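*Asks:* Residue numbering for the sequence shown follows the numbering used here, starting at 480 and increasing by one per position.
We treat Cβ as the ideally placed atom computed from N, Cα and C, and that holds for glycine.
No experiment lies behind these values; they were computed from the predicted model shown.
Shown below is the structure under consideration.
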Amino acid sequence: WPSNYSNPTMPSNCNGTKFDDRKVYPQLRSKLKRSWPDVESGNDTKFWESEWNKHGTCSEQTHNQMQYFERSHAMWYSHNITEILKNASIVPHPTQTWTYSDIVSAIKSKTQRTPLLRCKPQPKTKSQTKAQPKSQANSLLLHEVVLCYGYNALKLIDCNRTGGCQNQQAISFQ
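See below:
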């Protein structure tokens, strides 16, 4: 998402060219299905359309739609967060949790920049019992890792946004 580093708000719904599915050519579509899939509903094209219309239009001064998605894929490819976490033994697990610092440190050691972590509350399941460890019952679920880039989306910079995961809670990665 484009942002102004000195005022790190996330602009959205800017005036600009609406999403055109034809500009996501087959090779780019194949790349995006791997690097930027819709993990919640599975409708990748609708997800990309909403991301472009909400955020991409705000970067249209520097990146047209095709460049926006090509750059998004290149960013994912240059810093594969799943691999970085795996190499630090942070892998999806049904019960293990990590600290905010564990996750940030693993990423920062490879990127040399501070990411932002976004979490969601751990969903309650019918199988959760009172015997469940308190740390697991109160943990957050890692939902998104944000890497921040400079104005032209070429240089990785420290994220200076607030928010994200709460530093004192256990974080699950499932």
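What do you get for residue 608, buried or exposed, if any count of 16 or more other CB atoms within 10 angstroms of its CB means buried?
*Replies:* Because the pLDDT at residue 608 is just 46, under 50, the model does not fix this residue reliably, and the point stays unresolved.
*Asks:* Look at residue 498 and residue 519 and say whether their C-beta atoms are less than 8 Å apart.
*Replies:* Cβ atoms of residue 498 and residue 519: not closer than 8 Å.
*Asks:* Can you determine whether any heavy atom of the ligand MN sits closer than 7 Å to the C-beta of residue 643, and answer yes or no?
*Replies:* Annotation note on the ligand MN: not contained in the displayed structure, which lists no ligands.
*Asks:* How long is the line joining the alpha carbons of residue 643 and residue 521, rounded to whole angstroms?
*Replies:* Roughly 24 Å between the two C-alpha positions.
*Asks:* Please state the DSSP three-state secondary structure of residue 633.
*Replies:* Coil.
*Asks:* Here's a check: name, in chain order, each residue in its chain whose Cβ is nearer than 8 Å to the Cβ of residue 542, leaving out the five neighbours to either side.
*Replies:* Taken in chain order, the residues that qualify are 535, 550, 632.
*Asks:* Just to confirm, is the Cβ distance from residue 590 to residue 635 under 8 Å?
*Replies:* Yes.
*Asks:* For residue 627, name the three-state secondary structure that DSSP assigns.
*Replies:* In this structure, residue 627 counts as strand in the three-state DSSP scheme.
*Asks:* Can you tell me whether residue 560 is helix, strand or coil according to DSSP?
*Replies:* Residue state, collapsed to three classes: helix.
*Asks:* Buried or exposed, going by whether 16 or more other CB atoms sit within 10 Å of the CB of residue 557?
*Replies:* Classification for residue 557: exposed.
*Asks:* Exposed or buried, what is residue 579 when buried is set at 16 or more other beta-carbons lying within 10 Å of its beta-carbon?
*Replies:* Its Cβ being crowded by 16 or more others within 10 Å, residue 579 is buried.
*Asks:* According to DSSP, is residue 645 helix, strand or coil?
*Replies:* The answer is coil: DSSP assigns residue 645 none of H, G, I, E or B.
*Asks:* Rounded to the nearest angstrom, what separates residue 500 and residue 524 at their Cα positions?
*Replies:* Their backbone Cα atoms lie some 7 Å apart in a straight line.
*Asks:* Going by the CB atoms, is the gap between residue 625 and residue 602 shorter than 8 Å?
*Replies:* No. Outside cutoff.
*Asks:* Tell me where the alpha helix (DSSP H) around residue 512 begins and ends.
*Replies:* Taken as a continuous stretch (DSSP letters only), the alpha helix (DSSP H) holding residue 512 covers 505-514.
*Asks:* Would you give the residue range spanned by the beta strand (DSSP E) that residue 599 belongs to?
*Replies:* Its beta strand (DSSP E) spans residues 595-600.
*Asks:* Thinking C-alpha only, which one of 565, 562, 599, 653 is nearest residue 645?
*Replies:* The shortest C-alpha separation from residue 645 is found at 599.
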